[in-house]
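Worksheet for the structure shown next.
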Amino acid sequence: HRAGVETETDVLPSSVGSLPRFTLRGELMHVFISYRVTSEGSHGNGLSERIYEAIRVLSVQPGQDLQIPKHSWGVFPSFAKMPVPFRPEQAKVFWDSACLVDGQSWLAGFVQGLVASMVFVPLLSWTEDDQGSLGDLSRIGVGGFDRVDNVLLELMLALGLRETPDSAVRAILPVLIGPARNAEESSCFAPFPFFKLARLYDGRSEKTSARCAAILRQLAVPEHLVLPVVNRSVKQTVDLILRNQ
């Protein structure tokens, strides 16, 4: 189950070893969908599921010219739950609600999914009442408040893996979602309130940075690549993600 916030005792299982060398002939995910469950998940607008289904359907739909070349099909990862029906030529998308095996640690599952993914797609939202994946993140640093925030953790890990040689992560493609201004916009993309980004904490989330450092080190990511990732402020991390628009 994807929790909004990890507990302080959660650790990455020892079964998750060092970062494997990426190859198109091996186990892979073409896309990893990152989101906050309360806004884009089952407790929110469900956008993460709609994007998951759309990518999979369009990748095998005739006439869309979105088919994946055969040499890039790869193998569906053994650590994830295979969709039914399954087609080898279909885009392999990691969406934790569909891919986590029953009883599997969310932390282990998402780390394995991200490590195997080529394109990281974070759904970044900020609602009128300051909810959403980034709106909720703006609480860190207010009055000294801190926590291990899963959305921030995924953003940090994606940046670190993209800079790591032989990593699967090749690209970051953020989807920006603003507050719906009327009923017609309630289920589609509204303009993103960029002016609110200035409210993000210009300091580190110590708890999230510590968790990120522990994961990257367990994956045997070189220390000179770990330190820049975990020393960035919340605002710097989001700014770097948004440079990939």
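Under the working numbering, the very last position in the sequence shown is 310; numbers go up by exactly one each time.
Built from N, CA and C at the ideal position, the CB exists for glycine as well.
{"Query": "Per DSSP, which one or two residues make a beta bridge with I116?", "Result": "Note: I116 sits in no beta bridge, so no partner."}
{"Query": "Please name the residue, chosen from P258, T192, V125, L93, that lies closest to R101 on a Cα-to-Cα basis.", "Result": "T192"}
{"Query": "If you measure between the beta carbons of S137 and H108, is that distance less than 9 Å?", "Result": "no"}
{"Query": "For S232, which three-state DSSP category applies?", "Result": "coil"}
{"Query": "Would you list the one or two residues that DSSP bridges to M94?", "Result": "S182"}
{"Query": "Helix, strand or coil for K157 per DSSP?", "Result": "coil"}
{"Query": "List the whole-angstrom C-beta distance separating V303 from L199, where the pair is believed to meet the contact cut-off of C-beta under 8 Å.", "Result": "7 Å"}
{"Query": "On the DSSP bridge list, what partners appear for V6?", "Result": "It is not possible to answer for residue 6, since the shown part of the chain is limited to 66 through 310."}
{"Query": "Within its chain, find whatever has a CB closer than 8 Å to the CB of Q132; leave out the 5 residues flanking it on each side and keep chain order.", "Result": "S124, V125, E154"}
{"Query": "Can L189 and I237 be called in contact, C-beta distance under 9 Å?", "Result": "no"}
{"Query": "If you drop the 5 nearest sequence neighbours on each side, which residues of the same chain put their C-beta closer than 7 Å to that of S83?", "Result": "L284, A285"}
{"Query": "Evaluate F87 with the Cβ neighbour count: other Cβ atoms within 10 Å of its Cβ, from every protein chain shown; 16 or more gives buried, anything less gives exposed.", "Result": "buried"}
{"Query": "Please list the terminal residues of the continuous alpha helix (DSSP H) segment that includes L238.", "Result": "Taken as a continuous stretch (DSSP letters only), L238 belongs to no alpha helix (DSSP H), as it is neither H nor E."}
{"Query": "Measuring only the C-alpha atoms, how far is D167 from S270?", "Result": "31 Å"}
{"Query": "Is it true that the CB of A279 sits closer than 9 Å to the CB of L77?", "Result": "yes"}
{"Query": "In whole angstroms, what separates the C-alpha of E92 from that of L179?", "Result": "12 Å"}
{"Query": "For L189, which of helix, strand or coil comes out of DSSP?", "Result": "strand"}
{"Query": "Evaluate the contact criterion for the stretch 198-218 versus the stretch 256-265: three or more CB pairs, one atom per stretch, below 8 Å.", "Result": "yes"}
{"Query": "Which class does D304 belong to by DSSP, given the choice of helix, strand or coil?", "Result": "helix"}
{"Query": "Pull the bridge partners of D130 from the DSSP assignment, please.", "Result": "BP columns for D130 are empty, so no partner."}
{"Query": "From P187 to G139, what does the alpha carbon distance come to, in whole angstroms?", "Result": "23 Å"}
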